[in-house]
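In my numbering, the protein residues as written are 6 to 100.
Glycine included, C-beta positions come from ideal geometry on N, C-alpha and C.
As structure tokens, the structure follows; a few thoughts come after it.
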């Protein structure tokens, strides 16, 4: 399983086009995920919620953090450290 946190964004969409060359198990994760490939698994999660991130990355061999935030320095200063910590901690716990 390869998981994309921040599915539907420009970079995530481009990555999604190429992943089927390497795996047939792709999990698209965002608040409102959409399939990029017919076999994609969809998982709705808020990356600011640790429990949701933990469930989203469970069983993943590879996790890509491609989430974006509102272009506002205050939002990035407040939210990006939380998103990073949740992603790293969840991945470590589920491996």
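Report buried or exposed for residue i, applying the criterion of at least 16 other Cβ atoms within 10 angstroms of its Cβ.
{"i": "residue 38", "result": "buried"}
{"i": "residue 135", "result": "This structure cannot settle anything about residue 135, because the visible part of the chain is limited to 6 through 100."}
{"i": "residue 76", "result": "exposed"}
{"i": "residue 73", "result": "exposed"}
{"i": "residue 43", "result": "exposed"}
Spatial neighbours of residue i within its chain, please: CB distance less than 6 Å, with the 5 preceding and 5 following residues excluded, ordered by chain position.
{"i": "residue 61", "result": "34, 48, 50"}
Residue range of the alpha helix (DSSP H) that residue i falls in?
{"i": "residue 68", "result": "Here residue 68 belongs to no alpha helix (DSSP H); instead the beta strand (DSSP E) covers 67–70."}
{"i": "residue 84", "result": "78–99"}
{"i": "residue 20", "result": "15–23"}
{"i": "residue 57", "result": "55–62"}
Pull up the DSSP beta-bridge partners for residue i, would you.
{"i": "residue 32", "result": "8, 46"}
Excluding the five sequence neighbours on either side, which residues of its own chain have a C-beta within less than 8 Å of the C-beta of residue i, listed in chain order?
{"i": "residue 4", "result": "Absent from the structure is residue 4, since the part of the chain shown begins at 6 and ends at 100."}
{"i": "residue 53", "result": "84, 87, 88, 91"}
Quick one: residues in its chain with C-beta nearer than 7 Å to the C-beta of residue i, no 5 flanking neighbours on either side, listed in chain order?
{"i": "residue 96", "result": "62, 68"}
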